[in-house]
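*Asks:*
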Amino acid sequence: MAIFVDENTRVAVQGITGRDGSFHTREMMEYGTRIVAGVTPGKGGQTFDGPSGESVPIFNTMEEAVREGGANTSVVYVPPAFAAGAILEAADSGVDFIVAITEGIPVLDMARAHAFVRDRGARLLGPNCPGVISPGKAKVGIIPGQIVTPGPVGVISRSGTLTYEAVAQLTAAGLGQTTCVGIGGDPLIGTNFVDALEAFASDGETEVIVLIGEIGGTDEQEAAAWVSENLDRPAVGFIAGQTAPPGRRMGHAGAIISGSSGTAEEKMAAFEANGIPVAKRPADIVVLVQEALSA
Amino acid sequence: MAIFVDENTRVAVQGITGRDGSFHTREMMEYGTRIVAGVTPGKGGQTFDGPSGESVPIFNTMEEAVREGGANTSVVYVPPAFAAGAILEAADSGVDFIVAITEGIPVLDMARAHAFVRDRGARLLGPNCPGVISPGKAKVGIIPGQIVTPGPVGVISRSGTLTYEAVAQLTAAGLGQTTCVGIGGDPLIGTNFVDALEAFASDGETEVIVLIGEIGGTDEQEAAAWVSENLDRPAVGFIAGQTAPPGRRMGHAGAIISGSSGTAEEKMAAFEANGIPVAKRPADIVVLVQEALSA
Amino acid sequence: MNVHEYQAKEIFRAAGIPVPPGEVADTPERAEEIARGYGGTVVVKAQVHSGGRGKAGGVKLASTPEEARQHADAILGMEINGLTVNQVLVTPAEDIATESYVGILIDRKTQAPTFMVSAEGGIDIEQVAHTNPDAIRKLAVDPRYGMLPHQAYWLASTLYDDQALAKQASRIIAQLYDAFTSAGASMAEINPLISTDAGEVKAIDAKLSIDDNELFRKPSIAEYRDLSAEPWAETRAREADLSYVKLDGNVGCCVNGAGLAMATMDLVKFYGGEPANFLDIGGSSNPEKVVAALEIITSDPNVEVILFNIFGGITRCDDVANGIVAATQSIDIKPPIIIRLTGTNEELAIQILADAGFSAFTSMDEVVQRAVQMTKGN
Amino acid sequence: MNVHEYQAKEIFRAAGIPVPPGEVADTPERAEEIARGYGGTVVVKAQVHSGGRGKAGGVKLASTPEEARQHADAILGMEINGLTVNQVLVTPAEDIATESYVGILIDRKTQAPTFMVSAEGGIDIEQVAHTNPDAIRKLAVDPRYGMLPHQAYWLASTLYDDQALAKQASRIIAQLYDAFTSAGASMAEINPLISTDAGEVKAIDAKLSIDDNELFRKPSIAEYRDLSAEPWAETRAREADLSYVKLDGNVGCCVNGAGLAMATMDLVKFYGGEPANFLDIGGSSNPEKVVAALEIITSDPNVEVILFNIFGGITRCDDVANGIVAATQSIDIKPPIIIRLTGTNEELAIQILADAGFSAFTSMDEVVQRAVQMTKGN
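Chains as they are written, first to last, in the working numbering: chain A, 1 to 295; chain B, 296 to 590; chain C, 591 to 968; chain D, 969 to 1346.
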C-alpha cells in the first residue's frame, strides 16, 4: 500500500508547457506515473510528448482535464503570480488531491487558497514542496525516482534535498519506503505532519515513520503529541536548524525562529518527550529506523 | 406548537437603544416575549426599562448577550450601514435564529452576510421583514400583537402591512394562527418560502398554510412545486402586483418584474398548477382557508 | 439608480476595461466639434435611461462632422419611452468583427453576483434566453472569494475560440466584476462586447444600475444622478423618502406598505378601475410625508380620485388621520379624497376625518369600490 | 522585507490610522530644523531594521531644537545590532496616558492573518506572552470575510474600558488590517498604541514586514527597500536569487536546498566547527550563481574554508561541478574549497573536480569533518 498517490492516481499537470512543468512531467512519466492531462490556458488542443512517444492531451482548463482526461489529482508548476489561482481552479474542478510545487506564492494568496481548498473538501500538499512519491507506484512532483525503493518506511519532511539525502541513505541501507511525502517549507501549507501521519497510520504496510522537521512553527510539536497519543507503530525524528539564529529566515519562508519559539531544541525535546528518538545527524536516521524495525 | 419562536425563545435586541429598537422592544415585552438582553456597542452596563418596570441588561457585544444573557435569538434594528455587521456578529455569537428588521441594507453586504450565516449554521429571517409572531407565545419583530390569535393557520408572507391585513381578516373570521412569518421584501433573504414551509410541515398544529407572495423572482414558483411534492396539508395563495409594470421597483427592492419573469400571472399560474387555490382579493384568503379547513 | 452610458463607461474605464473614447454634447454644435476632433466616422448616441434607443432612432452613425451635428440636432430633445434626451455621446465608430454579451446581476437563487455571457451579443439577452438558452453561460461568484481567474476564463472561452481574444475577454470580465462591486451595482452590462478585425476586444456599450442602498457610502457615484433624466414626481418622492411609480390610470393611491400598495392597485383593477400610481408612504404618519404624497399624486393630471388605504399596526390611525387633515389644509387638492383606515385607534381616526369632511371607511373592498365608482361619475 | 518606522507610518497614515507627524533627517542640522518647525519637545528616533533601539540609545527626547541636533548627532552613525543608523525620525513628543500593543501576523495554525492585542503595551510582547499570557487577546481573521466590525470592537474592548477610546481603537484595528493586506505584509505592529490625556488614540511607533513574495506586484512598496540598511552580502544574495544568512563561524557553506543547508551547518557544529553562514544555492547549477555564492561567502573575512554540499537529484552533479570549476577560474578565491556531491552523475562530477584540483567527497559526514579539521590547522 501507499498514501496519497499510487497506481490509481491520474494526474493533470498544471503548467505542463513551462520549463519546469515539461521537464518534470517527463520525469514523472518515466517513473510510470499516469499523466492523463496537461493544462495551460490558451494551449488547449495541443499535445505534450512523453519520453517514450506518449501523447498527453493539453486542455485550457482543469474542468476539461477532469471531464475529458479523467484526472483525479493535479500538480501545479505554474509561476508564483498565478499559482494560487491554479490551486483554486484545481480545487474547483473536483480533483481530490493537489500538489503545489511552486515556491514564492504570496502568503495572503495562500491563506485564501487554503480556505477554498477546505471548503471544496480537497487535499493540498504544499506549496513550495517537492511532492510525493510512492516507490514503484507513482511520483507526483520532483522527488528523484532513483533514490527511492519500495519498503516499509514512511517519510514525512518539510524540506527537499535534505529528504533526498535521508531517503537515499535509507535506500542505500536497504530500507525501502511506502511513500515519501514532502509537505513543504512555506508558513502556510496544506497537508501537515499530523495529516500525513494520519494517512500513514491507516496504511498497513508502513512499519515506521520518519519525521524530518526544521525550525519554525509548532507543527513538529503537534506531530509529537499526536504520535504519542495515536500512533500504533514507531516513529523517528530529525530536526534541521540547530545552529540557526533567531529572527532570520533560513531559505524557506517557514523556517524562521520567532522570538523564543520554533527552535530546534524545542522540537527535539518534544520528539524525545513523546517517545520519538531523534537523530543527531542525517546518517543516524538510518540507525534509528533499523532499531525501530528490529524492536 | 409553533415555528421559529415560542416560549423558549430568549431574545437579544441589537440596537435596543435606537428609536425603533426601544419602541419595538417594549412592544415585544408587552406581548410576553422573553427579552433577555439588549446590545448596543458602547452602552454595555446600562439597562433598558421594560413596559412593566422590567430591567433588561444592555451589553456591548452579542457574545456577552449570549454568554451572560443566555440569548438564543437576536433581532436586528440597527441602521442599514451597520446592519450587515450586526447580522454577522449575531451569527458569530452562536444564536440559532436572527431576525433582521432593517430595511435598506446594501445587497452586496447581504450576499456576504448570507454566506456567513450559512457557514455558521444559523437561520436568518429577513432582512427588511416584519419578523415573526407565534400567537400567545412570542413575537420577534414588529408584527402587531393585537391582530393575531392562536389557531391552526400558518402564514408566510413577503410583505408587512399586507400580511397584517390578511391576518387581521383571518383573526376577525375566527381563524387563528400557529405562526405568522414575514420573510421580507429584499432580493436576497435568508429564510424563503420553502424554508418556512418545511418548518410548518413539521409542526403538528398547523393545518393550513397561507402563502402571500408578490412580483419578482421565482420563490413562489419553487414554493408551489415544493408544496405539491412534499406538503401533506392544504395551502392557499395570494400574489400582490398583478397591475405592476415590468422593470419598475414596487417599493420593496425585491418586488420588480425583470423582463418577462417574476410576474404575478406566472406565480398565480404556478400556484394553481400545483393545487394551491389563489385568492383574487385579500378578502378571499379567509374564504379559501375556511374551505381548506372544512375539506 | 441608473447611470447614463457615458457615466458607466467612465466607471468601466477606471476599472481598466477597454472602452473607446467618447465625449458628451448637449448641443448639435458641440457634437460637430467632438466629431471633428475624432475625425472619421462617429456614432451619436442618445443618453437616456431607457433601453431600445437604437429602435427609437436615438443611435446614428455619422461619416462627417456636419452629419454628426445633424443627427445630434434630431436626437437632442427627442422623447424615448417618455424620457427626453438632453445629451448625446459622440464616440468614434468601431470596426466590428463579432458582438457578444456580458452581464452581471445579483441573483436571488444563488444569493450572489452572477454573470451571464453569450456569444450572441448586440441583441436583447432576454430574447436569447428564450430562443436559445444554451447560448448563455451563467456563473455565480462566491462573495467570499470574489471572481477567480479560472472562472473569468471559463466565461470568456464561451465567447471566443481564439485564445488571444479569450484572454482579453477574461481580463475584461474580471474588471467588470471589480467595477460592479466597487460601484455598489445591482446590474452591469456590456452589450455588445465587440472584437475588432485587428483582434481587440472592447466594450462599445455600457449599462450600470447602482443599488440605491449603496449611495450613502459612494458619494462620487451618487453624484452621477441626473435629475433632468427622471420625472419630477420621482425626484420629489425620493427626497420625501416615499416609493412612487406612475401608472396610466386615474385612481390615485396612497398606501402604507409596498405589498398592501400593490394589493390596493390590484383591487382597483379587480373592481374595474385603473390605478394611477403605486405609492408607499411607509410607516410614518408625519404630515410632511402626507403633503409630499398628495403633491406627487396630484401632479398627475389623470388622477380623478385619491384613495388612502392605511393599515394601522404599529402606526396609529389617529396620527395618520391628523396628518391627512393637516396636509390637506396646507395645500389645495382638486380631486376628491376618500380614506380607509383600520387597526390601532381606527374609530378615533374615522371621527377626526369625518369632522374634517372626509369619507372614511374601514373595509378595503368598500373603499376601493367607492373610488372606482367615483371615476365613473357615480 | 522590513521597512523603516517612518515608512510604515506613511502606509499606516494612508490607511487612516492616526499617526503623529514626523520627518526624517540624515544630518543633525536637518533634525534641528525639523524640531524647530514642530516647536516643543520632540523624539529623535534611529531608523534602523532592528528591535531594541531604545535600549541601545537610539531613541531620545529633546526639549529644544539644539538638543534634537545633539541627539541626532549622537544617533546618526551609531551601530545598533550591527546595523549603522543613517537616518533619524523627528516627531513631536506625545502626552501619553496609556500604552497598548496591537499586532497582526500570518499565523500558521489558523492559516489566517491573526491579531494579538494587549493592554500591556510599550514593552516586548513576547515577554507579556511569557509572564502574563491572559493579558493577550488573539483573533484569527477569516480571509474569506476579512475583518468584521464586531471582531475589531472585541479586540479594542480588551484595550480600553472607556467606550470612546474603544471605538477609536476599533477603527484603528480595522484600518491596520486594511494596511496589512493592501501592503502584502507578513507582520504589522503598533507598539505602543497610546491614549492621550485628551482622549485620543494614536500609533506612535510602527513596524511592518512585507512578504517578499508580494513585492513583484507592489512596486510602490518595493521602492521602500533601503539598500543602505542591509549588508552588501544580503543585497548581492537577493539579486543572485540565493538565500544567505551570515553567522559567526569560519566554515563557509554552500548547499543546494534550505533544509540540507541547515543540516550541513548543524553537522559542522556537531563535529566541533562553527558555520560561517547559511547559503542555499537553489536548484540551479549555472556558473553565475556559483560565482555569486563564492563572492558572498568570501566577503566574510572569518571564512577559512569553503564547503560545498550538493545533493544531485534533479540537478545533475556534473553540471554543478562544471559550474564550480568555471566560477573559480573567473574569480580569485583565497580559502580552500572542498566539495561533496552525491546523486545523479556523481562519479563524473568527482572526476571533473579532481582534474581541476579540488578535493571531492561523496559522504556528507566525511566532507564536514574534513572542513572542520581544516579550520583547526589540520
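Where is the CB? At the ideal position from N, CA and C, for every residue including glycine.
#1: Would the beta-carbon of ILE1104/D fall within 7 Å of that of ALA1124/D?
#2: Going by C-alpha distance, which of LYS137/A, ALA84/A, CYS129/A is nearest PHE116/A?
#3: Is there at least one Cβ from chain C nearer than 7 Å to ILE437/B's Cβ?
#4: In terms of alpha-carbon separation, which member of ARG10/A, GLU89/A, ASP195/A, THR263/A lies closest to PHE238/A?
#5: Check for me: the alpha helix (DSSP H) holding PRO739/C runs from which residue to which?
#6: In chain D, what lies closer than 9 Å to ASP387/B by C-beta?
#7: Identify, in the order they occur along the chain, each residue of the same chain with its Cβ nearer than 7 Å to the Cβ of ASP1286/D, setting aside the five sequence neighbours on each side.
#8: So, helix, strand or coil for SER52/A, using DSSP?
#9: Just to confirm, is the Cβ distance from ALA433/B to VAL351/B under 7 Å?
#10: Rounded to a whole number of angstroms, what is the C-alpha to C-alpha distance between PRO996/D and ILE1307/D?
#11: When DSSP builds the beta bridges, which residues end up paired with GLY141/A?
#12: Under 7 Å, Cβ to Cβ, is there at least one residue of chain A near PHE1279/D?
#13: TYR1069/D lies in the beta strand (DSSP E); which residues open and close that run?
#14: Measure the alpha-carbon distance for THR1099/D versus TYR1069/D and round it to whole angstroms.
#15: Determine the closest residue to ALA706/C out of LYS924/C, PRO782/C, TYR834/C, with distance taken between C-alpha atoms.
#16: Could you work out which residues of chain A lie near TYR735/C, taking near to mean beta carbons separated by less than 9 Å?
#17: Measure how close the beta-carbons of ASP801/C and VAL402/B come, nearest whole angstrom, since I'm counting them as under 8 Å.
#18: Closer than 8 Å, Cβ to Cβ, to anything on chain D: give me those residues from the stretch 159-181 of chain A, in chain order.
#19: Can you name the residues that DSSP bridges to THR681/C?
#20: Could one say the Cβ of PRO41/A lies closer than 7 Å to chain C's Cβ atoms, at least one of them?
#21: Using a Cβ-Cβ cutoff of less than 6 Å, which residues in the same chain neighbour PHE1276/D once the five nearest sequence positions on both sides are dropped?
#22: Taking ALA773/C as the reference, give the member of ASP945/C, GLU716/C, VAL593/C, GLY667/C with the closest Cα.
#23: Who are the near neighbours of THR312/B in its chain, counting only those whose CB is closer than 6 Å to its CB and skipping five residues on each side?
#24: For the beta strand (DSSP E) that ASP1248/D lies in, which residues bound it at each end?
#25: List the residues of chain A that SER653/C touches, going by C-beta distances under 7 Å, in chain order.
#26: Can you pull the DSSP bridge partners for CYS907/C?
#27: Compute the beta-carbon to beta-carbon distance between PRO703/C and PHE770/C, rounded to the nearest angstrom, for a pair I have assumed lies under 8 Å.
#28: For the alpha helix (DSSP H) that contains LEU938/C, what are its first and last residues?
#29: Reducing DSSP to helix, strand and coil, say where ALA1147/D ends up.
#30: Does DSSP put VAL443/B in a helix, a strand or coil?
#31: Taking the CB atoms as reference points, tell me whether VAL95/A and VAL140/A lie closer together than 7 Å.
#32: Could you tell me which residues DSSP pairs with THR931/D in its beta bridges?
#33: Return the CA-CA distance between GLY536/B and MET545/B, expressed in angstroms with no decimal places.
#34: Cβ of VAL992/D within 7 Å of Cβ of LYS977/D?
#35: What are the residues in the stretch 341-374 of chain B lying within 9 Å of chain D by C-beta distance?
#36: May I ask you to list the residues that DSSP assigns as paired with GLY902/C?
*Replies:* Quick look at the numbers:
#1: One thing to note: ILE1104/D has its Cβ no nearer than 7 Å to the Cβ of ALA1124/D.
#2: Comparing Cα-Cα distances from PHE116/A to each of LYS137/A, ALA84/A, CYS129/A, the minimum goes to ALA84/A.
#3: Contact with chain C is found for ILE437/B, since one of that chain's Cβ atoms lies less than 7 Å from the residue's Cβ.
#4: Nearest C-alpha to PHE238/A: THR263/A.
#5: DSSP places PRO739/C in the uninterrupted alpha helix (DSSP H) bounded by 739-749.
#6: Residues of chain D passing the Cβ test: LEU1116, HIS1118, GLN1119.
#7: Residues of the same chain with a CB within less than 7 Å of the CB of ASP1286/D, apart from the 5 flanking positions on each side, are ASN1313, LEU1316, ALA1317, ILE1320 in chain order.
#8: The answer is coil: DSSP assigns SER52/A none of H, G, I, E or B.
#9: The Cβ atoms of ALA433/B and VAL351/B lie no closer than 7 Å to each other.
#10: Looking at the two C-alpha atoms, the distance is approximately 51 Å.
#11: Residue pairing for GLY141/A: DSSP places it in a beta bridge opposite GLY131/A.
#12: Yes - at least one Cβ of chain A is within 7 Å of the one on PHE1279/D.
#13: Taken as a continuous stretch (DSSP letters only), the beta strand (DSSP E) holding TYR1069/D covers 1064-1075.
#14: In this structure, the straight-line span from the alpha carbon of THR1099/D to that of TYR1069/D is close to 15 Å.
#15: The question names Ala, but residue 706/C is Met in the sequence shown. Closest in C-alpha terms to MET706/C, from the list LYS924/C, PRO782/C, TYR834/C, comes PRO782/C.
#16: Listed along chain A are LEU88, ARG112, ALA115, PHE116, ASP119, each with a C-beta nearer than 9 Å to that of TYR735/C.
#17: About 5 Å separates the two Cβ atoms, so the contact holds.
#18: Residues of the stretch 159-181 of chain A with a Cβ closer than 8 Å to any Cβ of chain D, in chain order: SER159, GLY160, THR161, LEU162, THR163, TYR164, GLU165, ALA168.
#19: Among the bridge pairs identified by DSSP, THR681/C is matched with VAL633/C.
#20: Yes - at least one Cβ of chain C is within 7 Å of the one on PRO41/A.
#21: Cβ neighbours of PHE1276/D beyond the five flanking positions: CYS1222, ILE1307.
#22: The shortest C-alpha to C-alpha distance from ALA773/C to any of ASP945/C, GLU716/C, VAL593/C, GLY667/C is the one to VAL593/C.
#23: THR335, LYS338.
#24: Bounds of the beta strand (DSSP E) holding ASP1248/D are 1245-1248.
#25: Correct list: empty, because the minimum Cβ distance to chain A is about 38 Å.
#26: For CYS907/C, which the question treats as bridged, DSSP gives no partner whatsoever.
#27: The C-beta separation of PRO703/C from PHE770/C comes to about 6 Å, placing the pair in contact by the 8 Å criterion.
#28: Taken as a continuous stretch (DSSP letters only), the alpha helix (DSSP H) holding LEU938/C covers 936-945.
#29: The answer is helix: DSSP assigns ALA1147/D an H, G or I state.
#30: DSSP places VAL443/B outside both helix and strand once states are collapsed to three, so it counts as coil.
#31: No, the Cβ-Cβ distance between VAL95/A and VAL140/A is not below 7 Å.
#32: Past the boundaries of the shown model lies residue 931/D; chain D is included only from 969 to 1346, so the question cannot be answered.
#33: Cα to Cα, GLY536/B sits roughly 8 Å from MET545/B.
#34: In this structure, the beta-carbon distance from VAL992/D to LYS977/D does not fall below 7 Å.
#35: When CB distances to chain D are screened at a threshold of 9 Å, the residues of the stretch 341-374 of chain B falling below it are ASN355, THR356, MET357, GLU358, in chain order.
#36: GLY933/C.
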